[in-house]
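According to the UniProt record's numbering, the sequence shown is numbered sequentially starting from 1.
What follows is a short report on a single structure.
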Amino acid sequence: MRFTSSLVASALAIGASAGKNYLGFNSGATLADRSAKFKADFEAEFKTAQGLEGAPGKFNAVRLYTNIQAYSQDDPIQAFEAAIGTQTYMLLGVWASGTDNINKEISALKKAVTTYGSKFTDLVIGISIGSEDLYRNSVTGVKNKAGVGNSPDALVGFIKDFKKAFADNPLGKIPVGHVDTWDVWPNATNKAVLDAVDWIGVDEYPYYENGKGNDIKNAGTLFDRAYDATIAAANGKPVWVTETGWPATGPDWDQAKATVENAKYYWDEIGCRKLFNKTPTFWYNLRDSNPDNTMKFAITKDLSTTPLFNLTCPATFDTKPKSLSETSKGSASATDKPTGTGSFSTAMTTATATGS
Numbered sequence: 001m002r003f004t005s006s007l008v009a010s011a012l013a014i015g016a017s018a019g020k021n022y023l024g025f026n027s028g029a030t031l032a033d034r035s036a037k038f039k040a041d042f043e044a045e046f047k048t049a050q051g052l053e054g055a056p057g058k059f060n061a062v063r064l065y066t067n068i069q070a071y072s073q074d075d076p077i078q079a080f081e082a083a084i085g086t087q088t089y090m091l092l093g094v095w096a097s098g099t100d101n102i103n104k105e106i107s108a109l110k111k112a113v114t115t116y117g118s119k120f121t122d123l124v125i126g127i128s129i130g131s132e133d134l135y136r137n138s139v140t141g142v143k144n145k146a147g148v149g150n151s152p153d154a155l156v157g158f159i160k161d162f163k164k165a166f167a168d169n170p171l172g173k174i175p176v177g178h179v180d181t182w183d184v185w186p187n188a189t190n191k192a193v194l195d196a197v198d199w200i201g202v203d204e205y206p207y208y209e210n211g212k213g214n215d216i217k218n219a220g221t222l223f224d225r226a227y228d229a230t231i232a233a234a235n236g237k238p239v240w241v242t243e244t245g246w247p248a249t250g251p252d253w254d255q256a257k258a259t260v261e262n263a264k265y266y267w268d269e270i271g272c273r274k275l276f277n278k279t280p281t282f283w284y285n286l287r288d289s290n291p292d293n294t295m296k297f298a299i300t301k302d303l304s305t306t307p308l309f310n311l312t313c314p315a316t317f318d319t320k321p322k323s324l325s326e327t328s329k330g331s332a333s334a335t336d337k338p339t340g341t342g343s344f345s346t347a348m349t350t351a352t353a354t355g356s
C-alpha cells in the first residue's frame, strides 16, 4: 500500500498523542504588567510546574502562543532555551490572528532550529497554527469584543505555508494542528481547517457557559457535553485539551462563582476524572499574566510549588456517566466568553502574543 503524505502525517499525529499523554500549562510571551518574559521567567515557571506538590503526574510540558520573543521582530522566544534547560516538552504556537502571513513566526522558528538543533526539536510535541482565531472571527466572538481573529481560508493557507516551509526541516515530522473553542469544531463553516490539520486543540471553560446551569456542581456535565461534541466533530483525529480551568478569584459569571474551593472541585472533576494521563492536557493556568482578565486562574501564588489547593486526585467523583440520550443532545450554542478571558491572547505591536 502506498502511503500518502496526509496518511503519514495523520499517523505521526496519532503517535504523538497516544505515545504520551502530556501534562502542562499555558505560557504567554509577557508578564501581567505587559513586560516581556525572558529565559529566567520561563525557567521559573517550568521548574515550579515540575515540582508541584501532590501533582497527579509530571507537569513537564508547556503550550506557547508564539515563537517570537516579545517586542522583537523575529527573534526566537526565550522559552525555547528555558525548555531545553529544564527538559520541558513544547506545544508550539504560531500567532495567526490579525495578519495576512506568518512569515516572522516561520523565521523565528527556523532560527531556533539552526541555533539549538535537536536539543530543541526533540522537545517539540506539536505545533498549533493559531489560537481561537475562528472564535474571535465568529458572531459570538464579535459580540463579546474578543478581538481580531482570522478566517478558515486564511488559516488553511497558513497551515500550507508552514508545512511547505518546514518540509525538509526536522520540524517537518511534527504534527500540525489548530486550537479553538469547542463550539468551533462542529461548525461546518470551519470544516476546511479540520480537514487541513493532523490534530485539533480544544479550549473549554464551563465557567463561562452562562444560561446553561454553570454552577460548579454542573461543570463536569457541561465539560463532557462540549468535549464529546468535539470528539464527534474530529472524526477520528486526535483531540488535545489545550485550555481549561476554573478561576480562584473574580466576579460571578451567571451561576459560576470563582473560589479556591471551586477551582479545586473543577481540578478533581475535570482534570482528575476526565483528562490527566488520559489525553494531552494543558491546564489554565500556573501563573496569571493576562492583565485584561479579571478572573484569576493561577493554581499557585508567586510560582510557589505549594499550590492554592490540594492537587491530589480523589478516589471517587460526583460527575456521573451520561446516558445515551444525554450524550446525543450535546450542547449546540457557543460559549459566551467575554473579552480578556483566560484563553484570549492580545496581539502586540510586533505581532507576537501575550497569551495567558
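Think of the CB as a built atom: it goes at the ideal place given N, C-alpha and C, for glycine as much as any other residue.
Residues bridged to residue i (per DSSP)
| i | result |
| --- | --- |
| residue 128 | 93, 177 |
| residue 240 | 201 |
| residue 63 | 26, 91 |
| residue 246 | In the DSSP output, where bridge partners are listed per residue, residue 246 has none listed. |
| residue 296 | 249 |
| residue 185 | Answer is none; residue 185 lacks a bridge partner. |
| residue 282 | 24 |
| residue 76 | 68 |
| residue 36 | 30 |
Endpoints, beta strand (DSSP E) assigned at residue i
| i | result |
| --- | --- |
| residue 23 | 23-27 |
Selection from the options that minimises the alpha carbon distance to residue i
| i | options | result |
| --- | --- | --- |
| residue 182 | 75, 22, 203 | 203 |
| residue 294 | 126, 172, 252 | 252 |
| residue 71 | 108, 63, 84, 231 | 108 |
| residue 256 | 32, 218, 85 | 218 |
| residue 51 | 300, 305, 263, 310 | 305 |
| residue 178 | 129, 297, 313 | 129 |
| residue 297 | 86, 137, 260, 158 | 260 |
| residue 234 | 66, 196, 119, 120 | 196 |
| residue 62 | 264, 277, 274, 242 | 242 |
| residue 266 | 90, 310, 43 | 310 |
| residue 300 | 164, 264, 73 | 264 |
| residue 96 | 161, 54, 278, 22 | 161 |
| residue 74 | 106, 163, 100 | 106 |
| residue 225 | 250, 246, 238, 270 | 270 |
| residue 92 | 284, 85, 126 | 126 |
| residue 170 | 134, 124, 67 | 124 |
| residue 98 | 148, 156, 158 | 148 |
| residue 34 | 258, 21, 69 | 69 |
| residue 138 | 102, 222, 174, 185 | 185 |
| residue 262 | 216, 201, 100, 60 | 216 |
| residue 111 | 166, 274, 238, 143 | 166 |
| residue 237 | 250, 279, 249, 206 | 279 |
| residue 58 | 283, 308, 222 | 283 |
| residue 174 | 180, 121, 136 | 121 |
Span of the alpha helix (DSSP H), counted from its first residue to its last, around residue i
| i | result |
| --- | --- |
| residue 48 | 39-50 |
| residue 139 | 139-143 |
| residue 103 | 103-116 |
| residue 306 | Residue 306 -> no alpha helix (DSSP H), and no H or E assigned at all. |
| residue 156 | 152-165 |
| residue 224 | 219-234 |
| residue 148 | Element bounds for residue 148: n/a, residue is neither H nor E. |
| residue 122 | Segment: none, residue 122 is in no alpha helix (DSSP H) and carries neither H nor E. |
| residue 195 | 191-196 |
Residue i Cβ short of 7 angstroms to the ligand GTP heavy atom set
| i | result |
| --- | --- |
| residue 248 | As presented, the structure is devoid of all ligands, the ligand GTP included, so that no description of it is given. |
* Asked: On the three-pair Cβ rule with 8 angstroms, is the region 29-42 touching the region 69-87?
  -> yes
* Between the region 283-295 and the region 22-33, do at least 3 Cβ pairs fall closer than 8 angstroms? -> yes
* Contact between the region 209-219 and the region 186-197 (3+ Cβ pairs under 8 angstroms) -> no
* For the region 249-280, list the alpha helix (DSSP H) runs that are entirely contained and at least 4 residues long, ordered along the chain. => 260-266
* Examine the Cβ distances between the region 147-154 and the region 102-116 and report whether three or more of them are shorter than 8 angstroms. => no
* Can we say the region 225-240 touches the region 303-318, given the rule of at least three CB pairs closer than 8 angstroms? -> no
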